[in-house]
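Going by this note's numbering, the first residue of the sequence shown is number 21, and it counts up by one from there.
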Amino acid sequence: GKRVVVVTSDREIREHVERAGSVAIGSGEFEEIMMRAFLREVKGEEEGRPEKRGPARRLPKRERERERVLAKL
C-alpha cells in the first residue's frame, strides 16, 4: 500500500493518521530532519551509520516502520 508521512503539530490528527497505519511527525521534528539533511548537503558529508555500541535492542515494530519511512525523507 501507499505510505504517507503527515507533518502536523495537531495531536488529534497525528493519532488519527497513526491509527490509519501511516506515519505522523511533529513540525519541530520535521524541521530538525530537514536541517540535518541540509547541513549534510552543505558540508558534503555522506550519510553514514554511527558505530554500534552496547547491547542490541530492537525497537517495537511501529517504531521500526516509522524510522524506515523517515529515513527516506
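Here a beta-carbon is modelled for each residue, glycine too, at the ideal position from N, C-alpha and C.
Keep in mind the model is a prediction, meaning the values are calculated, not measured.
Counting along the chain, the unbroken beta strand (DSSP E) around residue 44 starts and ends at 43-45.
Leaving aside the five residues that flank residue 53 on each side, the residues in its chain whose CB is nearer than 7 Å to its CB run, in chain order, 90, 93. Under the DSSP assignment, residue 26 falls outside any alpha helix (DSSP H), being part of the beta strand (DSSP E) whose first and last residues are 25-27.
Between the C-alpha atoms of residue 23 and residue 34 there is a straight-line separation of about 15 Å.
Excluding sequence positions up to five before and after residue 29, its CB lies within less than 8 Å of the CB of 46, 47, 48, all in the same chain and listed in chain order.
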